[in-house]
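Peer 1: Following this message is one structure expressed as structure tokens.
2 protein chains.
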Amino acid sequence: MSKKNNDKLVIFALGGVGEIGKNMYVIQYANDIVVVDSGLKFPDEDMLGIDIVIPDITYLLENRDKVRGILITHGHEDHIGGLPYVLKQLNVPIYATRLTLGLIEAKLKEVGLLGETKRITITADSELQLGTIKASFFKTNHSIPDSVGVALETPEGVVVHTGDFKFDQTPVNEQYADLHRMAEIGQKGVLALLSDSTNAERPGYTGSERSVGVELEEVFRKAKQRVVVATFASNIHRIQQVMDAAYATRRKVTVIGRSMVNVVGIASELGYLRIPDGMLIEPEEVNKLAADRVVILSTGSQGEPMSALTRMARSSHRKVDILPGDTVIIAATPIPGNEKYVGRTVDELFRLGAHVIYGPGSVSGVHVSGHGSQEELKLMLNLMRPKYFIPIHGEYRMLRLHGQLAETVGIDRENIFIVDNGETVEIQNGSARKGGKVTTGNILIDGLGVGDVGNIVLRDRKLLSQDGILVVVVTLSKQDGAILSGPDIISRGFVYVRESEGLLEEANRIVTGTLNKLMNENVNEWASLKTHVKDVLGRFLYEQTRRRPMILPIIMEV
Amino acid sequence: MSKKNNDKLVIFALGGVGEIGKNMYVIQYANDIVVVDSGLKFPDEDMLGIDIVIPDITYLLENRDKVRGILITHGHEDHIGGLPYVLKQLNVPIYATRLTLGLIEAKLKEVGLLGETKRITITADSELQLGTIKASFFKTNHSIPDSVGVALETPEGVVVHTGDFKFDQTPVNEQYADLHRMAEIGQKGVLALLSDSTNAERPGYTGSERSVGVELEEVFRKAKQRVVVATFASNIHRIQQVMDAAYATRRKVTVIGRSMVNVVGIASELGYLRIPDGMLIEPEEVNKLAADRVVILSTGSQGEPMSALTRMARSSHRKVDILPGDTVIIAATPIPGNEKYVGRTVDELFRLGAHVIYGPGSVSGVHVSGHGSQEELKLMLNLMRPKYFIPIHGEYRMLRLHGQLAETVGIDRENIFIVDNGETVEIQNGSARKGGKVTTGNILIDGLGVGDVGNIVLRDRKLLSQDGILVVVVTLSKQDGAILSGPDIISRGFVYVRESEGLLEEANRIVTGTLNKLMNENVNEWASLKTHVKDVLGRFLYEQTRRRPMILPIIMEV
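Line by line, the protein sequences give chains A and B. Heads up: the first sequence begins at 1 in the numbering used here, then just goes up one per residue. Heads up: the second sequence begins at 559 in the numbering used here, then just goes up one per residue.
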């Protein structure tokens, strides 16, 4: 422990606390910054038209000379999805395990950043010296292989970031969590633990992935016709078990849905999926085989409108139809907000005569979470025995509940820091306190635009979505301000025009009257004319319809 | 059984099957129509700007002379909320139990329909002769008192409509389900059963409301400060138990939230709520009492943005603040689609330092469903022993699962009818078959407009909500078509204008260029000009931004 007295350890999230998604954590000691993960978030329902959300990385850009690299814990979108945007602005090395890097590289290729990005493959045994910070890793169980946690040895002490984890005692493909290394890290002494809070609301233990395999094989065996399995494309363990169950029940597998095809390709190429020779068939071949010899592995477990399963459920998939008597397994729990989409897909599948296995994993048996429940979170806390605890990766309530769990295993309440994005925890001479706040926020991505949609645009979209818009155009004479043409009123998203002709005609009369009156009173500044038109028309429409469409007055002058 | 041979019994839903909400069922024998319930539905997320949805009642209007009345099973919005709109077009008698009618009358008063509507109070012992159809009733358990099922004796046989129900063996306020009458009806013979499918996905039995009371009292007793309870305003049993638990723990109760105040008023006036003298206090008095002597009964159990609980959680309620150490009980399960709102409210409450009890009733102990689970659905089927079975009140998957349950208790598969809204089941000479389809649909209500928002308006709102709008205005000369003013481009909800000046300037140049080119080519029909501007500008913007805003070209002529 060689340290100057003024240097301190600073820990904060640029994304990932008080939310699910866009995970990005910063551990800084003096002039060395190590970033853990670089994720994206899917937009909230009030972010209309937005495709994805990434963290504001102003802090990193302002301190770009200090950033030693980005360590990636695993290959999920909420941990790697921000990289194509971040690396465009900040060219720093990426460190990740093989599979994780394979998934990242596919992304970087798409945006043309592969060549210029330094990528370093790590294993759980790697040790990296990143300035004054030494990074080492430990294997964890999660719903994607090759997940790791990170131990960062700083002059101030060791900071552990768990990544996403559960403790699966019977994992698939021998992807054991390295309990011994975790115990060793804890034994040596952990200054601060940052731990996954996703399932802090759930009592008990999360089930083993292997239990899903048993159930899948059972369903495959009983099904008299084809079996469709929809699950997350990134859940390679689950995909492996679908392959295994298919093999055991002498079925062939076809893979549909863009992301599923991609991931199966990358994972099998890198050796993370073991697919028997001749097991995979093209979608076109499905109809050549007997129905009880086929498994269709598909995207769409969240009822996403454009996904393969949703298309099949609507009988609009180009290659595969659902037939009466087919079995459809939705091997996932709906993410909050997606329940209605999933419900609709299940309804459509029932209508097609399919037998559907769905619902919470505890009922369906075909899904388990990738995140540890309360007892596993306590186990991690007990293994690491940290002095300070910062729950991460969760909504505020989950962080708080995780904090309460930490208290039950003996962490002092004053040593538990529940933080918002950007709120720093500073540790100096072994003593931690809340520090200042760094810039954070949501950068909204809409099409090619990064950050060009802000609150005003979103507010307008919201307004437009509720009651539509009325455009009022009038051409005035430059000379005397007389009305030369119009006012014309054009509406969109307001009322069904054919049934509301009278209303719009009356609106037109009111606008004309207002303009003429103002002319007579010699009010002719445009701003004033526009405000009056907006007010008078808005009031009239509200009285008549109880709606408040956006009103956009446009004055032309010739 | 006196019947002419040509007459038949026709049963169908105008709303309520393949959906949750807007329940309205029609039972017609020859020239006699009896309607059961008249509900509303809350809009789906794709019905932008819509307030509520009611069934299309074209069929009833076309057969208005035959409608003998509307029987209401209970006072929930999805069973009574359509009445103010339906009665405006169709003045027929309403039959309902006392509490149900009390709630209906409050609604009719608001819209000025109270005087002209014939309202008949029934009890579970009433018998009504509605043309050739004789109606009688049976008490059920549900999450609102005074709920009944209906038995309709027609010349063709007896049709039973369960209303919403569960079997609660220890109900609150002795609101027992009348098992004996149900048994008697079943014993006499039921031709067709229409039964509530809400919980057809849930195995086992639904818990008793009384279990909630035990838990509430426990929480009230342990809480060291104030207790806030949020639940559905209409759940009068739950409200009674809050009052009882408050009494047992020597707390006073204040009621906040418009609908909660209304319902408590109506229910206590009609004797359905027993509130000890001096128990109720005004919100203003809360701060005068010790914190451990107070209960705040509130709306907002679904995280509704404008509700009392949400306001308190955001510290923006006019009268009541949440203080650190207060206990907040969310005594409800989120309705699908509301999970995120509830989650956000819980987060805010945690931030205020409250202790929050929330989550599924099975975990929190402070909520049970009002609908029977699979074993109760089977019990109803076994009590009624119907020849034909029509599952109602549920999404398609629930109807199908309810149908499967019916098979397990011995109903022939061909005697089970899964119908969509409008699909009729015809029964003649004891034999049922699917008949034709009557007009049905969603009538969308937006402000004062009933049905003036249709697919085109919704499609426009959707478009506007995603990428906003660009209005392109140009004034042309009547004489020679020359551009006199403009083109002006105004955007809303598209990009943050200040950061995208270059883009909009370039767009302007492109539009000007296109117009000039067309002029030179003597293309001057407005339609053609508009189409060209739309195409060229749309393509340019998509290339630049990957967005597709609505483009609205307006040509003025002077």
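A virtual CB, placed ideally from N, CA and C, is assigned to each residue, including glycine.
(1) Taking the straight line between their C-alpha atoms, what separation do you get for residue 692 of chain B and residue 1001 of chain B?
(2) Excluding the 5 residues flanking residue 1048 of chain B on each side, which residues of the same chain have their C-beta closer than 6 Å to its C-beta?
(3) In whole angstroms, what is the alpha-carbon distance linking residue 406 of chain A and residue 394 of chain A?
(4) Distance, Cα to Cα, residue 944 of chain B vs residue 989 of chain B?
(5) Return no unless some Cβ of chain A is closer than 8 Å to the Cβ of residue 1112 of chain B.
(6) How would you list, in chain order, the residues of chain A whose beta-carbon sits under 8 Å from the beta-carbon of residue 1043 of chain B?
(7) For residue 859 of chain B, tell me which candidate among B:886, B:877, B:882 has the shortest Cα-Cα distance.
(8) Between the Cα of residue 559 of chain A and those of A:157, A:29, A:535, spot the shortest distance and give me the residue it belongs to.
(9) Could you tell me which whole alpha helix (DSSP H) segments of length 4 or greater appear in the stretch 164 to 212 of chain A?
(10) Could you check if residue 306 of chain A is buried or exposed, using at least 16 other CB atoms within 10 Å of its CB as the buried criterion?
(11) Expressed to the nearest angstrom, what Euclidean distance is found between the alpha-carbon atoms of residue 808 of chain B and residue 851 of chain B?
(12) Here's the rule I'm using: 16 or more other beta-carbon atoms within 10 Å means buried, otherwise exposed. How should residue 755 of chain B be labelled?
(13) What is the rounded straight-line gap between the Cα of residue 61 of chain A and the Cα of residue 1094 of chain B?
(14) Between the C-alpha atoms of residue 47 of chain A and residue 458 of chain A, what's the straight-line distance to the nearest angstrom?
(15) Counting contacts by CB-CB distance shorter than 8 Å, is residue 828 of chain B in contact with chain A?
(16) If contact is defined by three or more beta carbon pairs under 8 Å, each pair taking one atom from either stretch, is the stretch 166 to 173 of chain A in contact with the stretch 119 to 138 of chain A?
(17) What residue range is occupied by the uninterrupted beta strand (DSSP E) comprising residue 135 of chain A?
(18) Assuming residue 361 of chain A is part of the alpha helix (DSSP H), what are its boundary residues?
(19) With DSSP collapsed to three states, give me the class of residue 495 of chain A.
(20) Under 8 Å, Cβ to Cβ, is there at least one residue of chain A near residue 1024 of chain B?
(21) The alpha helix (DSSP H) spanning residue 375 of chain A covers which residue range?
(22) Does residue 1111 of chain B pass the burial test, meaning 16 or more other C-beta atoms within 10 Å, or should it be called exposed?
(23) Would the stretch 1067 to 1081 of chain B count as touching the stretch 1038 to 1045 of chain B if we require 3 or more Cβ pairs under 8 Å?
(24) Taking residue 437 of chain A as part of the beta strand (DSSP E), name the residues at either end of that continuous run.
(25) Count the other CB atoms within 10 Å of the CB of residue 550 of chain A; is the residue buried (16 or more) or exposed (fewer)?
(26) Would you verify that the beta carbon of residue 539 of chain A is, or is not, closer than 8 Å to some beta carbon of chain B?
(27) Below 6 Å CB to CB, which residues in the same chain sit around residue 998 of chain B once its five sequence neighbours on both sides are set aside?
(28) How would you call residue 1024 of chain B, buried or exposed, if buried means at least 16 neighbouring beta carbons within 10 angstroms?
(29) DSSP state of residue 467 of chain A, grouped into three classes?
(30) Would residue 104 of chain A and residue 120 of chain A qualify as a contact pair, given that the criterion is a beta-carbon distance under 8 Å?
(31) With DSSP run on the structure shown, which of helix, strand or coil describes residue 237 of chain A?
(32) Taking Cβ positions, are residue 764 of chain B and residue 967 of chain B nearer each other than 8 Å?
(33) Please state the DSSP three-state secondary structure of residue 1117 of chain B.
(34) Give me the Cβ distance between residue 612 of chain B and residue 580 of chain B, rounded to the nearest whole Å; I'm assuming they're in contact under 8 Å.
(35) Can you tell me whether DSSP reads residue 12 of chain A as helix, strand or coil?
(36) Decide yes or no for the touch test of the stretch 822 to 840 of chain B against the stretch 900 to 919 of chain B: beta carbon pairs closer than 8 Å, at least 3 of them.
Peer 2: Quick look at the numbers:
(1) Numbered from its first residue, the second sequence carries residue 692 of chain B at position 134. Numbered from its first residue, the second sequence carries residue 1001 of chain B at position 443. About 31 Å.
(2) Position 490 of the second sequence, counted from the first residue, corresponds to residue 1048 of chain B. Here the set comprises 1029.
(3) Stepping through the first sequence from its first residue, residue 406 of chain A is reached at position 406. Stepping through the first sequence from its first residue, residue 394 of chain A is reached at position 394. Going from the Cα of residue 406 of chain A to the Cα of residue 394 of chain A covers about 15 Å.
(4) Locating residue 944 of chain B in the second sequence gives position 386, where the first residue counts as 1. Locating residue 989 of chain B in the second sequence gives position 431, where the first residue counts as 1. Approximately 13 Å between the Cα atoms of the pair.
(5) Position 554 of the second sequence holds residue 1112 of chain B. Residue 1112 of chain B counts as touching chain A.
(6) Position 485 of the second sequence, counted from the start, is the residue given in the question as residue 1043 of chain B. Near residue 1043 of chain B (Cβ distances below 8 Å), the residues of chain A are 475, 556, 557, 558.
(7) As a first step, residue 859 of chain B must be located in the second sequence, where it is residue number 301. Nearest C-alpha to residue 859 of chain B: B:886.
(8) One cannot answer for residue 559 of chain A here, as it falls past the ends of chain A, which runs 1 to 558.
(9) 179 to 188
(10) Residue numbering aside, residue 306 of chain A sits at position 306 when the first sequence is read from its first letter. So residue 306 of chain A ends up on the exposed side.
(11) Start at 1 with the first residue of the second sequence, and residue 808 of chain B comes out as number 250. Start at 1 with the first residue of the second sequence, and residue 851 of chain B comes out as number 293. Those two C-alpha atoms are separated by around 6 Å.
(12) Walking along the second sequence from the start, residue 755 of chain B turns up at place 197. Flag for residue 755 of chain B reads buried.
(13) Numbered from 1 along the first sequence, position 61 holds the residue referred to as residue 61 of chain A. Numbered from 1 along the second sequence, position 536 holds the residue referred to as residue 1094 of chain B. Approximately 38 Å between the Cα atoms of the pair.
(14) As a position in the first sequence, residue 47 of chain A is number 47, starting the count at 1. As a position in the first sequence, residue 458 of chain A is number 458, starting the count at 1. Those two C-alpha atoms are separated by around 6 Å.
(15) Residue 828 of chain B sits at position 270 when you count from the first residue of the second sequence. Judged by the 8 Å Cβ criterion, residue 828 of chain B is not in contact with chain A.
(16) no
(17) Taking the first residue of the first sequence as 1, we reach residue 135 of chain A at position 135. Start and end: 133 to 139.
(18) Stepping through the first sequence from its first residue, residue 361 of chain A is reached at position 361. Run containing residue 361 of chain A: 361 to 364, per the alpha helix (DSSP H) assignment.
(19) Reading the first sequence from its first residue, position 495 is the one you call residue 495 of chain A. In the three-state DSSP reduction, residue 495 of chain A falls in the coil class, being neither helix nor strand.
(20) By one-based count along the second sequence, residue 1024 of chain B stands at place 466. Yes, residue 1024 of chain B lies at the interface with chain A (some Cβ there is under 8 Å from its Cβ).
(21) Here residue 375 of chain A refers to the residue found at position 375 when the first sequence is read from its first residue. First-last of the alpha helix (DSSP H) with residue 375 of chain A: 374 to 384.
(22) Reading the second sequence from its first residue, position 553 is the one you call residue 1111 of chain B. So residue 1111 of chain B ends up on the buried side.
(23) yes
(24) Counted from its first residue, the first sequence places residue 437 of chain A at position 437. Element bounds for residue 437 of chain A: 431 to 437.
(25) By 1-based counting over the first sequence, the position of residue 550 of chain A is 550. Buried, because 16 or more other Cβ atoms sit within 10 Å of the Cβ of residue 550 of chain A.
(26) Indexing the first sequence from 1 puts residue 539 of chain A at position 539. Taking Cβ atoms only, chain B never reaches closer than 8 Å to residue 539 of chain A, which makes this a no.
(27) The sequence position of residue 998 of chain B within the second sequence is 440, counting from 1. Correct list, in chain order: 572, 614, 979, 980.
(28) As a position in the second sequence, residue 1024 of chain B is number 466, starting the count at 1. Answer is buried; the Cβ neighbour count reaches 16.
(29) Position 467 of the first sequence holds residue 467 of chain A. Three-state result, residue 467 of chain A: helix.
(30) Here the question's residue 104 of chain A lines up with position 104 in the first sequence. Here the question's residue 120 of chain A lines up with position 120 in the first sequence. The answer is no: Cβ separation not under 8 Å.
(31) The count along the first sequence starts at 1 and reaches residue 237 of chain A at position 237. The three-state reading of DSSP puts residue 237 of chain A in helix, counting H, G and I together.
(32) By 1-based counting over the second sequence, the position of residue 764 of chain B is 206. By 1-based counting over the second sequence, the position of residue 967 of chain B is 409. Not a contact, by the Cβ cut-off of 8 Å.
(33) Missing from the structure shown is residue 1117 of chain B; chain B here goes from 559 to 1116 and no further.
(34) As a position in the second sequence, residue 612 of chain B is number 54, starting the count at 1. As a position in the second sequence, residue 580 of chain B is number 22, starting the count at 1. Contact holds; Cβ gap of about 6 Å.
(35) As a first step, residue 12 of chain A is located in the first sequence; it is residue number 12 there, counting from the start. Three-state DSSP puts residue 12 of chain A in a strand.
(36) no
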